[in-house]
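Everything below concerns the one structure shown next.
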Amino acid sequence: MILKKSKGLLGELTVPGDKSISHRTVMLGALAEGVTEAEGFLPGADCLSTISCFRQMGVSIHQEGDRILIHGVGLHGLKAPERILDAGNSGTTVRLLSGILAGQNFTSRITGDASIQKRPMKRIIEPLSQMGASVSSVNGNGCAPLEIHGSSLHGIHYHTPVASAQVKSCILLAGMYGQNATSVTEPALSRDHTERMLRFMGASLSSDGRTVSIQPEPRLKGKKIRIPGDISSAAYFIAAGLLVPNSEILLKNVGINTTRSGMLNVCRDMGADLTLLNEDTSGPEPVADLLVKSSSLHGTVIEGDLIPALIDELPILAVLAAFAQGTTTIRDAAELKVKESDRIASVSENLRRMGADVTPTEDGMILHGGKPLHGATIETGLDHRIAMSFSIAALAAEGDTKIPDADCVSISYPEFYQDLASLQF
Ligand code: S3P
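Note that our numbering has the sequence shown beginning at 87, numbered continuously upward.
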């Protein structure tokens with residue numbers, strides 16, 4: 087993919103459905119009684135991996151475009167898979183599914199691509215083991231492939247050292263198979279889509295600050311679900327609209343759950359002209375349209391409890407910061423090192439290639455913004471969010487930017503380049 091400086095972006099866009107919520111729709115729909123029917127499903131590679139894992143366990147799923155129909159088999163209706171389950175590039179699939187597999191009466195194995203096989207799984211092995219499950223890293227390195235001997239579990243109260251929705255969700259899902267209640271306390275609140283969908287389907291959960299508890303053996307009921315647009319996908323067009331002069335973009339039906347929308351706060355802190363329209367809080371997940379106009383931005387500090395609410399947006403926020411006047415500091419974000427790539431290293435290296443003044447740190451980076459950037463060849467490390475972030479940087483840089491592995495955007499946003507082209511004038 088070769089991208090050039092843009093003269094302006096104009097128009098309206100409906101970004102694809104939320105990736106986190108799409109995964110959870112398949113998983114909880116499969117464990118519910120009756121049919122779950124959803125629109126706005128994300129047909130990206132990650133969510134297709136989740137579908138394929140559940141099909142291997144006997145769940146009938148019909149998916150066409152953004153529509154999906156799942157014939158739930160109930161909490162105890164999954165069948166033992168005949169082959170190793172393949173999560174592809176999806177950390178959400180491995181970690182959430184492991185929680186479910188821990189409570190089954192069969193043994194299973196789960197793995198994924200080269201990136202997945204390097205990502206830390208001790209963070210789920212530890213709590214699942216405390217619940218009485220037998221989970222092991224087949225190669226003994228704390229990563230996938232994992233072998234999971236399902237067994238009868240007991241509830242625990244777990245304090246997670248990392249604010250991770252994947253860890254929290256894994257424990258809550260295993261908690262459905264416990265003999266007593268399970269609680270998780272996080273150091274900062276991570277996305278709460280699992281909790282919202284579990285409640286919506288009939289489970290009993292209680293929340294108190296950073297602690298959430300689930301009662302075992304819920305009877306989940308199949309539901310009709312409208313999956314909102316993914317704010318993590320909208321983020322690229324928010325940034326594009328802000329950075330490229332003469333731009334005005336309306337993003338329709340975007341999820342604005344506060345555990346996900348930290349980027350909106352940071353953009354406003356940086357001076358963004360960003361308006362929420364048609365807010366609708368009637369469903370389990372709040373949505374709104376977002377109107378973005380070109381803005382002149384200044385640096386900021388991104389840290390603390392806000393980090394989990396924008397963790398996936400930090401690459402594109404770093405791009406914004408490189409174009410903003412003044413200094414931006416990102417800290418408390420060491421988790422970036424264990425995402426689809428080491429995003430502290432990959433963002434810093436690619437920004438440096440484009441001429442930015444950026445210093446990586448142990449838990450973030452320091453950017454002295456405002457230097458004019460130039461096109462470069464981007465090393466994505468096959469990380470979809472790096473490919474999309476630097477495609478947007480290219481629109482505000484002088485000269486050509488080359489993105490050799492651009493098709494990795496299909497992990498979360500298969501139509502990204504078509505949608506981007508539709509806004510150019
Ligand atoms: C996700 C949680 C986050 C996020 C990932 C999706 C989820 O990961 O980065 O893209 O769907 O629960 P962590 O829970 O590891 O922070």
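Ideal Cβ placement from N, Cα and C applies to all residues, glycine included. From a predicted model like this one, the values you see are computed outputs, not experimental measurements.
What is the rounded straight-line gap between the Cα of Leu-337 and the Cα of Leu-406? Distance between the alpha carbons of Leu-337 and Leu-406: 18 angstroms.
If you reduce the DSSP assignment to three classes, tell me which class Val-378 lands in. It is a strand residue.
Contact defined as beta carbons within less than 8 angstroms: I believe Leu-459 pairs with Ala-408. What is the distance between those atoms, to the nearest angstrom? Confirmed, about 6 angstroms.
For Lys-165, count neighbouring Cβ atoms within 10 angstroms of its own Cβ and tell me buried if that reaches 16, exposed if not. Exposed is the call here.
Residues near Arg-277 by beta carbon distance below 8 angstroms, same chain, minus five either side: Within the same chain, Arg-277 has close Cβ partners Ser-106, Ala-251, Asn-343, Thr-345, Arg-346, Pro-394, Ala-395.
Residues of its chain near His-235, where Cβ-Cβ distance is below 6 angstroms and the 5 sequence neighbours each way are ignored: These residues qualify, in order along the chain: Thr-193, Ser-220.
In its own chain, which residues sit with a C-beta less than 7 angstroms from the C-beta of Asp-398, not counting the 5 before and 5 after it? Leaving aside the five residues that flank Asp-398 on each side, the residues in its chain whose CB is nearer than 7 angstroms to its CB run, in chain order, Ser-318, Arg-471.
Lys-208 beta carbon near the ligand S3P (any heavy atom closer than 7 angstroms): Not so, every heavy atom of the ligand S3P lies at least 7 angstroms from the Cβ.
Could you tell me whether the Cβ atoms of Glu-308 and Val-112 are closer together than 8 angstroms? First, the residue type needs correcting, since residue 308 is Gly and not Glu in the sequence shown. No, the Cβ-Cβ distance between Gly-308 and Val-112 is not below 8 angstroms.
Check Ser-290 in the structure and name its three-state DSSP category. It is coil, neither helix nor strand.
From which residue to which residue does the alpha helix (DSSP H) around Gly-461 run? Under the DSSP assignment, Gly-461 falls outside any alpha helix (DSSP H); it carries neither an H nor an E label.
Beta-carbon proximity of Ser-182 to Leu-128, cut-off 8 angstroms: For the record, residue 182 in the displayed sequence is Leu; it is not Ser. Going by C-beta atoms, Leu-182 is not nearer than 8 angstroms to Leu-128.
Tell me whether Met-451 sits in a helix, a strand or coil according to DSSP, three-state version. Strand.
Is there at least one non-hydrogen atom of the ligand S3P closer than 7 angstroms to the beta-carbon of Gln-203? No, Cβ of Gln-203 sits at least 7 angstroms from all heavy atoms of the ligand S3P.
Do Ser-269 and His-240 count as a contact pair if the criterion is CB distance below 8 angstroms? Contact flag unset, no.
For chain D, check one thing: does any of its Cβ atoms lie closer than 8 angstroms to the Cβ of Ala-326? Reference to chain D is not applicable here, since this structure consists of a single protein chain.
Might you give, ordered along the chain, the residues of its own chain that have their beta carbon closer than 7 angstroms to the beta carbon of Arg-305, omitting 5 neighbours on each side? Once the five neighbours on either side are set aside, the close Cβ partners of Arg-305 are Glu-119, Gly-288.
How should Phe-140 be labelled, buried or exposed, when 16 other C-beta atoms within 10 angstroms of its C-beta is the threshold for buried? Classification for Phe-140: buried.
What's the gap between the Cα of Thr-271 and the Cα of Gln-510? The alpha-carbon atoms of Thr-271 and Gln-510 are separated by roughly 45 angstroms.
Does any heavy atom of the ligand S3P sit closer than 7 angstroms to the C-beta of Gly-177? Result yes, Cβ under 7 angstroms from the ligand S3P.
Burial state of Asn-364, where buried means 16 or more other Cβ atoms lie within 10 Å: With fewer than 16 Cβ atoms within 10 Å of its Cβ, Asn-364 is classed as exposed.
Just to confirm, are Asp-99 and Ile-313 a CB contact at a threshold of 8 angstroms? Strictly speaking, residue 99 in this sequence is Leu, with Asp absent from that position. Not in contact: Leu-99 and Ile-313 (Cβ atoms no closer than 8 angstroms).
For the ligand S3P, any of its heavy atoms closer than 7 angstroms to the Cβ of Val-253? Yes, Cβ of Val-253 sits closer than 7 angstroms to a heavy atom of the ligand S3P.
Assuming Val-224 contacts Ile-202 (C-beta within less than 8 angstroms), just tell me the rounded distance between them. With 8 angstroms as the limit, Val-224 and Ile-202 do not qualify as a contact, their Cβ atoms being about 13 angstroms apart.
What are the complete alpha helix (DSSP H) segments, minimum 4 residues, inside the stretch 356-413? For the stretch 356-413, whole alpha helix (DSSP H) runs of length 4 or above, ordered along the chain, are 400-409.
Ser-138 and Asp-172: beta carbons closer than 8 angstroms? Ser-138 is a Cβ neighbour of Asp-172, given a cutoff of 8 angstroms.
Beta carbon of Ser-293, beta carbon of Leu-96: below 8 angstroms? No, they are not a contact pair.
Can you determine whether any heavy atom of the ligand S3P sits closer than 7 angstroms to the C-beta of Lys-425, and answer yes or no? Judged by the Cβ position, Lys-425 qualifies as a neighbour of the ligand S3P at the 7 angstroms threshold, a heavy atom of the ligand being closer than this.
Can you have a look at Asn-339 and say buried or exposed, based on whether 16 or more other CB atoms are within 10 angstroms of its CB? Counting Cβ neighbours within 10 Å, Asn-339 comes out buried, since at least 16 surround it.
Any idea if Glu-150 is buried or exposed, counting beta-carbon neighbours within 10 angstroms, 16 or more meaning buried? In this structure Glu-150 is exposed. Its beta-carbon is surrounded by fewer than 16 other beta-carbon atoms within 10 angstroms.
8 angstroms CB neighbourhood of Asp-456 in its chain, flanking five on each side removed: It is worth fixing the name first, because residue 456 is Gly in this sequence and not Asp. If we look at Gly-456 and ignore the five residues flanking it on each side, its Cβ neighbours are Phe-409, Ala-410, Gln-411, Gly-412.
The beta strand (DSSP E) spanning Ala-124 covers which residue range? It spans 119-125 - the beta strand (DSSP E) in which Ala-124 sits, taken as one unbroken run.
Ser-269: first and last residue of the uninterrupted beta strand (DSSP E) it sits in: Segment 268-271, the beta strand (DSSP E) holding Ser-269.
Going by Cα to Cα distance, which pick from Ala-321, Leu-377, Gly-126 is closest to Ile-154? Ranking Ala-321, Leu-377, Gly-126 by Cα distance to Ile-154 puts Gly-126 first.
Given the structure, does His-109 come close to the ligand S3P, in the sense that its CB is under 7 angstroms from one of the ligand's heavy atoms? Answer for His-109: yes, Cβ within range of the ligand S3P.
With burial defined as no fewer than 16 other Cβ atoms inside 10 Å of the residue's Cβ, what is the status of Gly-185: buried or exposed? In this structure Gly-185 is buried. Its beta-carbon is surrounded by 16 or more other beta-carbon atoms within 10 angstroms.
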